[in-house]
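Asks: Position one of the first sequence corresponds to residue 8 (my numbering), numbered consecutively onward. Have a look at this one.
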Amino acid sequence: MRYWLIKSEPGEFSFDDLWAAKGRRTAWDGVRNYQARNFMRDGMRVGDLVLFYHSNADPTGVVGLCEIVREAYPDPTQFEPGHPHFDPASERSSPRWMMVDVRATERLPRVVTLAELKSSPRLKSMQVVQRGSRLSVTPVTQAQWNELLRLAEGGQKGPAKRL
DNA sequence: GCCAACGTTGGC
DNA sequence: GCCAACGTTGGC
């Protein structure tokens, strides 16, 4: 089982939007970066757990938890002329862009902000925190996952309670 | 294959 | 709104 972080601008698609979606799930379409695609295609498996991060937000940070409910399959928006994510160079016989389905499982008791991630010795190594990092899909270690939940629950010492 | 130009991301 | 960082494109 692996852990991941996915980014979204709440003005485009927020955790609330996902929470309100049918089945609290959605297809994670629109990823147009090869490294992020490879993480989705080659790394993500059903049951993997995911942090949902708001970028370009106030506050910016991790707001909720999701799980992968469907593994990578072609993103149909790449074939739709006029769609913002249309890719004229992608062919149906060999789709360039993939997406997974995610389902929201928990809303965190509070937002764990980017500032907190940066100031936490155990979280400042997270890929999303690195200077210049623009990847919208990044792996998270189990230690980072555990620490983030512990912070979200109020920062008490001790093992994270089961969310 | 190099690299300048360009577009995008995203924190601030 | 600014701009640093990064990825992609395309001329050569």
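Idealized CB from N, CA, C, for every residue including glycine.
1. Can you check whether the CB of residue 54 is closer than 7 angstroms to the CB of residue 114?
2. Can you give me the C-alpha to C-alpha distance between residue 23 and residue 60, rounded to a whole angstrom?
3. Between residue 30 and the rest of its own chain, which residues show a CB-CB distance below 8 angstroms, the 5 nearest in sequence each way excluded?
4. Taking the beta carbon of residue 89 as the centre, do at least 16 other beta carbons fall within 10 Å, making it buried, or is it exposed?
5. Could you tell me if residue 161 is buried or exposed, where buried requires 16 or more neighbouring beta carbons within 10 angstroms of its beta carbon?
6. Taking the Cβ atom as the reference point for each residue, do residue 37 and residue 121 lie within a distance shorter than 7 angstroms?
Replies: Inspection of the coordinates gives the following:
1. Going by C-beta atoms, residue 114 is not nearer than 7 angstroms to residue 54.
2. Straight-line Cα distance between these residues: approximately 12 angstroms.
3. Answer for residue 30: 110, listed in chain order.
4. Within a 10 Å sphere around the beta-carbon of residue 89 sit fewer than 16 other beta-carbons, which makes this residue exposed.
5. Counting the other CB atoms within 10 Å of its CB gives residue 161 a total below 16, which places it among the exposed residues.
6. With contacts defined as CB atoms closer than 7 angstroms, residue 37 and residue 121 fail to qualify as a contacting pair.
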